Amino acid sequence: MKFLNNLKNAFKFIFYSTRYSIHYTLTRVLVIGALLCLGRPANAQPQQLTVWAMGAEGKLIRQAAEIFEKRNPGVKIVTQAIPWTGAHEKLVTAVVGDMAPDISQMGTTWMPEFRAMNALQPLNEFLAASKLDAGDFFPGARDSNLYRDQWYGLPWYVDTRVMFYRADMAERAGYKKFPGNWEEFYKFSKALISSKKGGYAFALPTNDWQIFLMFYWQNGGELLKGSPLTAGKFEETIAYLKRFFDEKLVPLEGGHDTDLLTAFESGYFPVFISGPWMISQLETSKPQLNGNWTTAPLPAGKKRASFMGGCNFVMFKSSPRKALAWKFMEFMAGPEMQAKWYAISGDLPASIKAWSAPSLSKNPKLASFRKELDTAKAPPQAPEWENIAGTINDAVEEAVFGRITAQAAREKLSTRIEKILAKSERQQSTAFKIGLSLLLFMLPICAVILYLRKGPRAVAGGKAQPIASLFLLPAVLILAIFLFIPIIASFIASMTNWNMYGVNDWSKIVFVGLENYAGLFGDPVFLAGLRNTLVFAFMGVPISVALSLAMALALNAQILRAKAFFRVAYFIPVITTMVAVAIIWRWLYNPEFGLFNLALGHLGISPQSWLSNRWLALPSLILMAVWKGFGYNTIIFVAALQSIPDSLYESIALDGANTRQEFWYITLPMLRNTAFFVIVMTTIGYLQFFAEPYIMTGGGPLNSTMSVVLYMYQQGFKFYNLGYASAMAYILFGLIFAFTTLQFRVQKKLEGTF
Amino acid sequence: MKQKNNSKSMKAGRVSVTYKIAFYAFMVVSVVITLFPFVWMLSTSFKSPGEIFTKQPTILPQLWTLSGYKNLFAAVNMWLHLCNSVIYAVSVTALSVLLNAMAAYAFAKLRFPGREKLFALLLVTMMVPGQVTMLPVFLILKSMGLLNSYAGLVLPGSAAVFAIFMIRQFMMEIPEEILEAARIDGFSEFAIFWRIMLPLCRPIIATLTVFSFIGAWNDFLWPLIIMLREDKYTLPVALASINGQYNTDWGLLMAGAVVVVLPAVFIFLLAQKHYIKGIAAGAVKG
């Protein structure tokens, strides 16, 4: 490997040096030419700065970059828009692959992870030499950048949560002003619900840790300060919220399945908590509501506290242009540019001074946000935060559903948080680690070679054809490099504690043997995922395969005209992007006005919460997955049906066979190879169930739709427990292997009967 | 050929009118169910923001607007990303069809020691969820210096076990006599593969073409993490990068979904023409 690297470097050197010399000469010729022509020195190569920003900000940042470029001649800012979906993966692979930009936008809750990866540049020395006033940021915005008195980023923009409410409906309930504290808010909710028909008082999702935290903080609760949670405060908060659920002021199920904007319009949810982005969203998509709604600060508990969100700018350690990078960060964080950025994007400034601009201070819609910003809190700066947040969701859900008491929920949650935070102090020598890795790498390879060489060398049915190796070589080579080796690597990873600390620094990775595997069988979320995955496969595979075969036979029917149209129609669900599919299925499953509940209503059955009832959610996802995927197998069957010679049907028809006999004696036997392929592939596919729960339910409610692969993805790419995630993959692999072997055995048996 | 027509008319004659009506009713209902979201997507792309999320959505927009498409074309350099997507999808598809069909031919019709075992080994690799190999593949490409290159984008997806498996199953149905006859006529194995096997496998090759193309065409995560510059983004990546964290312009998003889906539908329309009955059967008869 080392030798190969040297060789590669040598090539690179030769390549670049020749290219460089050509480039150099060319540049000189050009420069001299330019000098001669214009009579003044041409600019040197401009200094380039790469800046990544996500989504809408990624496009708009160009405008800020242009201002900076104008003020700093000779600097060129290359901006790149990163999609929010996939931003996490993009950033972490960039860090691993040494492809990180100079500067990137970073969500406030992601800061600790990338700091733990040792990817972020500490900024205190830059800040000390700068005119930037570090005291000018809102406390919540400052906190997400500070760790142990060291700055790791600068705030870019903030958002916080306030109440959005229907002023007209509140007035009908006798309230001209929004209630200011917890007790009044409860009374207000009661008044609201008795003044209207149907629906609820308030949208309170059971699976949103941010909303729970705001109430918890307002009640004086603390997180990860000494103990994971404050005893008593947690229970009080749950008790307060549970009253809303128990008295049907908020729905226990289906609250987050409905479309919030439409529910707001119909009065189903006259009150909800959301951020600044909702203002423009409501104004553009529900213009008919304008004037009937407004915002208010959250009702205070023992104190005020909202959730501080938003984004920071960070500088990567790998940046070779740190001084210039700092200059740009400083420019974006200063009050002048912060106010300008609000004008460009509508994002709220993190700088307090920037708020004195009239466009902000005089805007009545922003007043509630401004009030909350002073006391809004950022979640704790623990690198494991994303993982902890997920466990908070679980605990709150279990407690409000009444499955366990609030105290039991707190104790269970504390234990889980402590387990997540527990760090292994184990050390292993580098030689030991490299040796063990090599051994673990060679073992499977030797096993494979032995397996392939074992047994008789003779070939059944005649002489061996050496030419076969030429046919195999390209595909097998690619599979060896991009499939076999990665599989072995991830198998080795499954026996290590590879997590975010080891992402960028491999010396922190330690072998833990089978600890990950043992841990998985004590992990309730994984066990739930395993159970759901099995249910999903047992229900989904037979339905999907039978439906595909039936549809393929229908498409192949002699009497069918316009075959191309019907083929396309059945294949359309496969092609249509998941985003569009998810929106429409959400609408079909909508508990308030969805098509399924409409149909049930005609039959006199009460409406169901398809996606948030823990018995219905999984079957609902199976239905959707079958719909989305059956066309895939259908066209495989259609292709296979073309190879059955008509002569077979003709001869059996002469014997007086009917259609059913044709199917059993000709079609099915002739499809056996294809059917076998389809069954094996569909089983593998359904055991790796991922997209539907990922997009539709996130694994909830109460983990009833959590699948193994979804949990693996969350552990691997959200929490960066890569070792743990790999172990999951290999348990699933064992399961799939067992099923497939069984299928091959059955096929061998059946082979004899045909 | 004549004989086939006869058999068709003979069969069609057997079918009663009620059966025909029931059959078509079934087909129409199933098509409505499968096409519904597509039609909805198409119509939403022409709706104004106020009309998109309502209690009673209409099938056709009440007020037709092109603003979704206009915003889309203003927000991204459509032709550039379309070109990137075409390059990616076409090269993956071409390589995938060729390499996988070659390997499948060896597994289905050629004799070599360890054939069944090697095949079983390939099948086993398919059982490992792809998500765990993503990071190792990325690191391997890094060590090969292929990050941020088309080779790095295309190569890992150009051989696929499922494709080899699918074509092999199809090839196994093709009678051995055809190949033997060709060998006696002095055809080389490559000539047999290229001039006899591939044409006989047209339906399944068409299917694989569609699968590979659509897989690459809709692929999001891989092109995103491999490509380092925005001007190398494929269409789905470019479209996804327009959305805000919380704000989504649904009209634009649906317009984008339509633009992405149409080429895929077109490819499928082209491919499904190759589902022709009796290629193999005709060949046996000579």
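Top to bottom, those sequences are chains A and B. Sequential numbering of the first sequence, starting at 20, is according to our numbering. Sequential numbering of the second sequence, starting at 17, is according to our numbering. A virtual CB, placed ideally from N, CA and C, is assigned to each residue, including glycine. These figures come from a predicted structure and were not determined experimentally.
Fully enclosed alpha helix (DSSP H) runs of no fewer than 4 residues occupy 192 to 200, 218 to 234, 237 to 242 and 251 to 256 of the region 181 to 261 of chain B, in order along the chain. Annotation for A:PRO120: no beta strand (DSSP E) segment contains it, and DSSP assigns it neither H nor E.
Residues of chain A with a Cβ closer than 9 Å to the Cβ of B:GLU205 are, in chain order, GLN484, ILE486, ALA487, LEU489 and PHE490.
Residue pairing by DSSP places A:ASP178 opposite A:GLY328 in a beta bridge. Under the Cβ distance rule, B:PRO152 counts among the residues neighbouring chain A, one pair being separated by less than 8 Å.
Here the C-alpha atom of A:ILE122 lies approximately 46 Å from the C-alpha atom of A:ALA466. If only uninterrupted alpha helix (DSSP H) runs of at least 4 residues are considered, those enclosed by the region 328 to 369 of chain A are 341 to 352 and 354 to 364. Closer than 8 Å to the CB of A:GLY717 there is not a single CB belonging to chain B. By the 16-neighbour rule on beta-carbons within 10 angstroms, A:PRO92 is exposed.
Residue environment: A:LEU458 is assigned as exposed (fewer than 16 neighbouring CB atoms within 10 Å of its CB, all protein chains considered).
Closest in C-alpha terms to A:PRO377, from the list A:GLU355, A:ALA395 and A:LYS396, comes A:GLU355.
The C-alpha of A:ALA512 is placed about 15 Å away from the C-alpha of A:LEU462. Residues GLY365 of the same chain have their beta carbon placed closer than 8 Å to that of A:SER299, with the five preceding and five following residues left out of the count. Within the region 184 to 196 of chain B, GLN185, PHE186, MET188 and GLU189 place their CB atoms closer than 7 Å to a CB of chain A, listed in sequence order. Identification of residues in the region 294 to 313 of chain A having a C-beta nearer than 8 Å to some C-beta of chain B yields GLY294, TRP296, MET297, SER299, GLN300, THR303, SER304, LYS305, PRO306 and GLN307, given in sequence order. For B:SER61, the three-state secondary structure derived from DSSP is coil. For A:ILE671, the enclosing alpha helix (DSSP H) covers residues 665 to 673. With fewer than three CB-CB distances shorter than 8 Å, the region 562 to 582 of chain A does not count as touching the region 622 to 630 of chain A.
When the alpha-carbon of A:LEU271 is set against those of A:PRO610, A:GLU669 and A:ALA192, the nearest one is in A:PRO610.
When rounded, the separation of the alpha-carbon atoms in A:GLN169 and A:LYS244 is 19 Å. Considering only B:PHE89, B:LEU138 and B:ILE212, the residue with the shortest C-alpha distance to A:PHE501 is B:LEU138. Annotated as distal: B:ILE68 and A:SER285, with beta-carbon spacing of 8 Å or more. With a threshold of 8 Å between beta carbons, A:ARG185 makes no contact with chain B. Going by DSSP, A:TRP228 is part of the alpha helix (DSSP H) stretching over 228 to 237. Within chain B, the residues GLN288 have their CB atoms less than 7 Å from the CB of A:ARG586, given in chain order. Within chain B, the residues VAL148, THR149 and PRO152 have their CB atoms less than 7 Å from the CB of A:SER509, given in chain order. Neighbours of B:GLN78 across chain A, judged by C-beta separation under 9 Å, do not exist; the nearest C-beta is about 13 Å away. Under the Cβ distance rule, A:LYS78 counts among the residues neighbouring chain B, one pair being separated by less than 8 Å. The region 222 to 241 of chain B makes contact with the region 253 to 266 of chain B; the number of CB pairs closer than 8 Å reaches 3 or more. Here A:SER293 carries a strand assignment [DSSP, helix/strand/coil]. When DSSP states are grouped into helix, strand and coil, A:PRO638 belongs to the helix group.
B:GLY173 carries a helical assignment under DSSP once its states are collapsed to helix, strand and coil.
For the region 558 to 580 of chain A, the set of positions with a beta-carbon nearer than 8 Å to some beta-carbon of chain B reads MET570, ALA573, ALA576, GLN577, ILE578 and LEU579 in chain order. Of all residues in the region 262 to 289 of chain A, those with a C-beta nearer than 7 Å to a C-beta of chain B are ASP278, LEU280, THR281 and SER285, reading in chain order.
Per DSSP, reduced to three states, the secondary structure at A:ALA315 is strand. The C-beta separation of A:ALA222 from A:VAL177 comes to about 23 Å, leaving the pair out of contact by the 8 Å criterion.
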